[in-house]
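Asks: Residue numbers (UniProt numbering), protein chains in the order written: chain A, 1 to 366; chain B, 1 to 366; chain C, 1 to 366. Just so you know, even glycine gets a beta-carbon here, dropped at the ideal spot from N, CA and C.
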Amino acid sequence: MAVTIKELAKALDAEFWGDGAIRVTGAGEPGQVDPVGPDGGQLALAMAPRYADAIRPGSVAILAQGMDPEAMGLKAAIFAPRPRLVLAGLTRAFDPGPDIAPGIHPSAVIDPSASIGEGAAIGPFVVVGADVVIGPGARIGPHVSIGRGSRIGRDAILHPGARVAHGVTAGDRLILQPNAVIGGDGFSFVTPEESGIEEIRRTLGDRAQIKAQHWTRIHSLGGVELGDDVEVGANSTIDRGTIRATRVGSGTKIDNLVQLGHNVVVGRDCLLCGHVGVAGSVTIGDRVVLAGKVGVSDNVSIGDDVIAGGATKIFTRVPAGRVILGNPAVKMETQMEIQKAMRRLPRFAQQLAQLQQTVTRLLEKG
Amino acid sequence: MAVTIKELAKALDAEFWGDGAIRVTGAGEPGQVDPVGPDGGQLALAMAPRYADAIRPGSVAILAQGMDPEAMGLKAAIFAPRPRLVLAGLTRAFDPGPDIAPGIHPSAVIDPSASIGEGAAIGPFVVVGADVVIGPGARIGPHVSIGRGSRIGRDAILHPGARVAHGVTAGDRLILQPNAVIGGDGFSFVTPEESGIEEIRRTLGDRAQIKAQHWTRIHSLGGVELGDDVEVGANSTIDRGTIRATRVGSGTKIDNLVQLGHNVVVGRDCLLCGHVGVAGSVTIGDRVVLAGKVGVSDNVSIGDDVIAGGATKIFTRVPAGRVILGNPAVKMETQMEIQKAMRRLPRFAQQLAQLQQTVTRLLEKG
Amino acid sequence: MAVTIKELAKALDAEFWGDGAIRVTGAGEPGQVDPVGPDGGQLALAMAPRYADAIRPGSVAILAQGMDPEAMGLKAAIFAPRPRLVLAGLTRAFDPGPDIAPGIHPSAVIDPSASIGEGAAIGPFVVVGADVVIGPGARIGPHVSIGRGSRIGRDAILHPGARVAHGVTAGDRLILQPNAVIGGDGFSFVTPEESGIEEIRRTLGDRAQIKAQHWTRIHSLGGVELGDDVEVGANSTIDRGTIRATRVGSGTKIDNLVQLGHNVVVGRDCLLCGHVGVAGSVTIGDRVVLAGKVGVSDNVSIGDDVIAGGATKIFTRVPAGRVILGNPAVKMETQMEIQKAMRRLPRFAQQLAQLQQTVTRLLEKG
Numbered sequence: 001m002a003v004t005i006k007e008l009a010k011a012l013d014a015e016f017w018g019d020g021a022i023r024v025t026g027a028g029e030p031g032q033v034d035p036v037g038p039d040g041g042q043l044a045l046a047m048a049p050r051y052a053d054a055i056r057p058g059s060v061a062i063l064a065q066g067m068d069p070e071a072m073g074l075k076a077a078i079f080a081p082r083p084r085l086v087l088a089g090l091t092r093a094f095d096p097g098p099d100i101a102p103g104i105h106p107s108a109v110i111d112p113s114a115s116i117g118e119g120a121a122i123g124p125f126v127v128v129g130a131d132v133v134i135g136p137g138a139r140i141g142p143h144v145s146i147g148r149g150s151r152i153g154r155d156a157i158l159h160p161g162a163r164v165a166h167g168v169t170a171g172d173r174l175i176l177q178p179n180a181v182i183g184g185d186g187f188s189f190v191t192p193e194e195s196g197i198e199e200i201r202r203t204l205g206d207r208a209q210i211k212a213q214h215w216t217r218i219h220s221l222g223g224v225e226l227g228d229d230v231e232v233g234a235n236s237t238i239d240r241g242t243i244r245a246t247r248v249g250s251g252t253k254i255d256n257l258v259q260l261g262h263n264v265v266v267g268r269d270c271l272l273c274g275h276v277g278v279a280g281s282v283t284i285g286d287r288v289v290l291a292g293k294v295g296v297s298d299n300v301s302i303g304d305d306v307i308a309g310g311a312t313k314i315f316t317r318v319p320a321g322r323v324i325l326g327n328p329a330v331k332m333e334t335q336m337e338i339q340k341a342m343r344r345l346p347r348f349a350q351q352l353a354q355l356q357q358t359v360t361r362l363l364e365k366g
Numbered sequence: 001m002a003v004t005i006k007e008l009a010k011a012l013d014a015e016f017w018g019d020g021a022i023r024v025t026g027a028g029e030p031g032q033v034d035p036v037g038p039d040g041g042q043l044a045l046a047m048a049p050r051y052a053d054a055i056r057p058g059s060v061a062i063l064a065q066g067m068d069p070e071a072m073g074l075k076a077a078i079f080a081p082r083p084r085l086v087l088a089g090l091t092r093a094f095d096p097g098p099d100i101a102p103g104i105h106p107s108a109v110i111d112p113s114a115s116i117g118e119g120a121a122i123g124p125f126v127v128v129g130a131d132v133v134i135g136p137g138a139r140i141g142p143h144v145s146i147g148r149g150s151r152i153g154r155d156a157i158l159h160p161g162a163r164v165a166h167g168v169t170a171g172d173r174l175i176l177q178p179n180a181v182i183g184g185d186g187f188s189f190v191t192p193e194e195s196g197i198e199e200i201r202r203t204l205g206d207r208a209q210i211k212a213q214h215w216t217r218i219h220s221l222g223g224v225e226l227g228d229d230v231e232v233g234a235n236s237t238i239d240r241g242t243i244r245a246t247r248v249g250s251g252t253k254i255d256n257l258v259q260l261g262h263n264v265v266v267g268r269d270c271l272l273c274g275h276v277g278v279a280g281s282v283t284i285g286d287r288v289v290l291a292g293k294v295g296v297s298d299n300v301s302i303g304d305d306v307i308a309g310g311a312t313k314i315f316t317r318v319p320a321g322r323v324i325l326g327n328p329a330v331k332m333e334t335q336m337e338i339q340k341a342m343r344r345l346p347r348f349a350q351q352l353a354q355l356q357q358t359v360t361r362l363l364e365k366g
Numbered sequence: 001m002a003v004t005i006k007e008l009a010k011a012l013d014a015e016f017w018g019d020g021a022i023r024v025t026g027a028g029e030p031g032q033v034d035p036v037g038p039d040g041g042q043l044a045l046a047m048a049p050r051y052a053d054a055i056r057p058g059s060v061a062i063l064a065q066g067m068d069p070e071a072m073g074l075k076a077a078i079f080a081p082r083p084r085l086v087l088a089g090l091t092r093a094f095d096p097g098p099d100i101a102p103g104i105h106p107s108a109v110i111d112p113s114a115s116i117g118e119g120a121a122i123g124p125f126v127v128v129g130a131d132v133v134i135g136p137g138a139r140i141g142p143h144v145s146i147g148r149g150s151r152i153g154r155d156a157i158l159h160p161g162a163r164v165a166h167g168v169t170a171g172d173r174l175i176l177q178p179n180a181v182i183g184g185d186g187f188s189f190v191t192p193e194e195s196g197i198e199e200i201r202r203t204l205g206d207r208a209q210i211k212a213q214h215w216t217r218i219h220s221l222g223g224v225e226l227g228d229d230v231e232v233g234a235n236s237t238i239d240r241g242t243i244r245a246t247r248v249g250s251g252t253k254i255d256n257l258v259q260l261g262h263n264v265v266v267g268r269d270c271l272l273c274g275h276v277g278v279a280g281s282v283t284i285g286d287r288v289v290l291a292g293k294v295g296v297s298d299n300v301s302i303g304d305d306v307i308a309g310g311a312t313k314i315f316t317r318v319p320a321g322r323v324i325l326g327n328p329a330v331k332m333e334t335q336m337e338i339q340k341a342m343r344r345l346p347r348f349a350q351q352l353a354q355l356q357q358t359v360t361r362l363l364e365k366g
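1. May I ask you to list the residues that DSSP assigns as paired with Ala61 (chain B)?
2. I'd like the list of long-range same chain contacts for Gln65 (chain B), defined as Cβ closer than 8 Å, with 5 residues on each side in sequence excluded.
3. Quick one: which residues of the stretch 248-259 of chain C get their C-beta closer than 8 Å to a C-beta of chain B? List them in chain order.
4. Rounded to a whole number of angstroms, what is the C-alpha to C-alpha distance between Arg344 (chain A) and Leu271 (chain B)?
5. Can you tell me whether His143 (chain B) is buried or exposed, with buried defined as 16 or more other CB within 10 angstroms of its CB?
6. I'd like to know whether the C-beta of Ile197 (chain C) is nearer than 8 Å to at least one C-beta of chain A.
7. Output, in sequence order along the chain, the residues in the stretch 123-155 of chain A whose CB is closer than 8 Å to any CB in chain B.
8. Ignoring anything shorter than 3 residues, give me the beta strand (DSSP E) runs that lie fully in the stretch 4-33 of chain B, in order along the chain.
9. Would a C-beta distance cut-off of 8 Å place Gly205 (chain B) and Glu337 (chain C) closer than the cut-off?
10. Leu363 (chain C) by DSSP, collapsed to three states: which one?
11. When the cut-off is 8 Å and only beta carbons count, does Asp185 (chain C) lie next to chain A?
12. Does the beta carbon of Ser107 (chain C) come closer than 8 Å to any beta carbon on chain B?
13. Should the stretch 177-185 of chain A be called in touch with the stretch 106-120 of chain A, which here means at least 3 C-beta pairs below 8 Å?
14. Tell whether a beta-carbon distance below 8 Å holds between Thr237 (chain B) and Gly184 (chain B).
15. What do you reckon, are the CB atoms on Ala130 (chain C) and Asp111 (chain C) nearer than 8 Å?
16. Which residues in chain B have a C-beta closer than 8 Å to the C-beta of Ile210 (chain C)? List them in chain order.
17. So which of A:Leu290, A:Gly18 and A:Asp305 has the shortest CA-CA distance to Gly75 (chain A)?
18. Can you list the beta strand (DSSP E) stretches of 3 or more residues lying completely in the stretch 206-272 of chain A, in chain order?
19. My assumption, with CB atoms under 8 Å, is that Val264 (chain B) sits in contact with Val278 (chain B). Please give the rounded CB distance.
20. Bridge partners for Ser301 (chain A) per DSSP, in chain order?
21. Could you spell out the range, first to last residue, of the beta strand (DSSP E) harbouring Thr169 (chain C)?
22. Using Cβ-Cβ distances below 8 Å, what residues of the stretch 330-355 of chain B are close to chain C?
23. Under 8 Å: do the stretch 158-175 of chain A and the stretch 48-68 of chain B share three or more Cβ pairs, one atom per stretch?
24. Is there a Cβ of chain B sitting closer than 8 Å to that of Val289 (chain C), yes or no?
25. Given that a residue counts as buried once 16 or more other Cβ atoms are within 10 Å of its Cβ, and exposed if not, what is Lys293 (chain C)?
26. Rounded to the nearest angstrom, what separates Leu325 (chain C) and Ser150 (chain C) at their Cα positions?
27. With a 10 Å radius around its C-beta and 16 neighbouring C-beta atoms as the bar for buried, classify Glu159 (chain A) as buried or exposed.
28. When DSSP builds the beta bridges, which residues end up paired with Val289 (chain B)?
29. Are there three or more Cβ pairs, one per stretch, closer than 8 Å when the stretch 224-237 of chain A is compared with the stretch 345-357 of chain B?
30. What are the boundary residues of the alpha helix (DSSP H) that Ile200 (chain B) is part of?
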């Protein structure tokens, strides 16, 4: 696939300089892009002044505003007012898409009651259950399974080995990375009498008498509901709800190895990064960002626009708009002060001991 | 599927009020359950007084003891002495079970030497190795693989994509959620001479001389042994042992994305929540609860009835019955005090500095 | 499979004592190994003096230097100068290898343009895309998928359900544990205007004005490059790069449930333990060890020979050779001091308050 500089600039809603007719065949790092040849060339991604030295004369590049393509000896350049946004458009233009042949592979096992939309591409060994509805334009990779009664909107991409259990509904443009699991059973168990967990929540850590009990399973009758434009990362898991569905709002993006427990409700346009773990019945607002390895205790509520830094552990309610960090989570600025003080803690201990001695001497003198 | 109020109350070992002949067709949240119609209706789950307002007159409900069904205008009600226990029975009653057709799907590849119990349901593209024994009543979803010589008891449910390697044995009623992996190789490597890890364990952090060495693999000859009534969550992993088996006791429940290393021994009736990581050769007693994101260092021993709060990191032995929290783990009450003090730490620093000044002035005066 | 004591000692480059002709049929824990019979017997692994009491007379064993096989009544013994290194050789000798029949299973779907090396064993339901190259001696388990244009060196072992996306290259002797995912899309999104994350990085936590924005996807055009002798654990995920490849150097071993983000570069001979999470564009040197649950923030650089203890969280650059621990990461010895001081923190608070009172009284007196 190749487009001209001019076409690409137009598609990216950006300005260009130089020969707009040069054909762009791909993109690369500045140091690895060769000068343009008769069939065009790769576009060097040099969207900050520090990349200028690595660019080779005679090539084409994306530059930050204010960089001088003529001085670098370029043949053409596109200017990026917001570099990562341009990168989004550019990578979309050159992405050949997933490796799934058009049509339905003969090995796929599709229940006769299932409805597959127009233009769907379904790979080898896919299993589609009864009453499933898949929208038009879906691309479903090898070894995917979709359970009874699940419904997926248009233009979905389900990568190899993704699991959609029964009773899951998803909006349009769903992306499941490989081996993601939507709709596993919730982790919900109960003992005949009060369990140790219930006891220590009541007593804040005291245990009067320990009883040997077995865990009885609470089954998960609810499903999972995903909005439009949801993406779920490789090997991530979203459990089904107990009575009602576990829900993820439109536009929310979920990274790899993330766990969402039963009955969780996540709002719209959130980012949940790698290894985030959200326990059962948590409510998360809109536009919330949870950085890598953030954990959220069960039944906690997190307001809109909260941002939690890496590895933050959230045990209690977080009001809207707050920026938090640490274990347990506090405001980011408070955490910064705590960390500074912690590093000085061994010195505090010394100073305190000295001060005690001094005061003791003062007392003796006095 | 529908049962009457009277039948359901009996099955749940609970009392009922009102018209016992009304047919129950499912269960739902109080605000979403309609009044009973001619064919019965859903049961509103209102097992705490705070749900009373949401219930619609003319419907049927499960209530906590002491709530007044007549005042709410209900047609019938079941009383829950221990709500979550009733929920367990109720959800079991209405769970249609996994989406696997009876019989063995013709696409499954089953070694002739394998023995499949009566009444087994085996889905498309399942692979069963040589000498495998699967008990009666098993339901095995699409894309499951079971390696050479593994043995699984009766009434197992293996969800799509679950992996059972060779040499794994499991008791009755095993549940594997989608893409769970039982019996991957242990993560065990050795360098020709002392490695940096061995050195810093010996010196507590000092490194005399850094050598470039390669890692040699220690193969995993042991298998995995799971007791009865074990459940393993989606995308969780339990590694095989080096010489003897990695073991999980009966009644233990494991959530999603949990890692158990080689040679680990877990007792009976434990709960290991999401993202728990247990390194090699750890021993865990009976009825231990590890909350989400708890980590345990290799070779550590954890006594019976220990409860570790969310994100606790365990580096050393934990005696039986202890309730722990924090990184590194301390008694929960100690951790609470530490956290309180930490939040006041920046203020301490200030107070200490002031006090130093005051004492200095006192000294100068004196 | 059985070898004699003499053959085994030679293979392990170790010395032996007693009857070198005894046949060894396997290995086991000292307490579980029976005396040698007419067909030989298992080798008791007793590589430390504390195991001596458990050994049964008449058996054969591996012993640590200095232990006395005659006093234990053994028939033969092999001496281990470095026990775990001997264990490596021993377990390799007795490992029957993965459960994959020779040849290509007829159910496998292999693109005609793919090239499969000599002696490959390919299991049921494997899917191999266009232009894939697989080296000689590969053993590929059931339900593995390999995407368009990926290249894998000789003697690879790909366990069931492992996913290799398109454009991945790997050297020789690659091992992928079950359900590992190589080459999922990077987690990379951008908003039209400055996002909250960008804002708080700039302001260190302050948010002037919160805007509702949607996330636009940055596609991942780069692949993944793995060196020789790389092993990736069960359910681990390595994302593809944005423009260039995500890279893992030769000899590096990766445990279960590990996440490597897009554009990450990992050096040679590293160990990344369970639940390690490495965010996008991180650079990691050679021989780095990250213990379980270590997290690394995006764009951070970690020098050669760094060792990070369990659950360390790395937010900033780490110089070569450093041993670190804690959240946020500091030198291990500093962390030890901080932890000691933290446990004494509630007492500090008390002492400080007392001291303030004393000084106040002194001031009043003075």
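Replies: Reading from the atomic positions:
1. B:Ala44 and B:Ala77
2. Phe79, Ala80 and Pro81
3. Gly251, Lys253, Asp255, Asn256 and Leu257
4. 38 Å
5. buried
6. yes
7. Phe125, Val127, Gly129, Ala130, His143, Ser145, Gly147 and Arg148
8. 16-18 and 23-28
9. no
10. helix
11. yes
12. yes
13. no
14. yes
15. yes
16. Result: empty, since nearest Cβ-Cβ is about 26 Å, beyond 8 Å.
17. The question names Gly, but residue 75 (chain A) is Lys in the sequence shown. Lys75 (chain A) has its Cα closest to that of A:Gly18, out of A:Leu290, A:Gly18 and A:Asp305.
18. 224-226, 237-239 and 246-248
19. 5 Å
20. A:Thr283
21. Val168 to Ala170
22. Val330, Thr334, Glu337, Ile338, Lys340, Ala341, Met342, Arg344, Leu345, Phe348, Gln351, Leu352 and Leu355
23. no
24. yes
25. buried
26. 38 Å
27. The sequence as given places His at residue 159 (chain A); Glu does not occur at that position. Counting Cβ neighbours within 10 Å, His159 (chain A) comes out buried, since at least 16 surround it.
28. B:Leu271 and B:Ile307
29. no
30. Gly196 to Thr203
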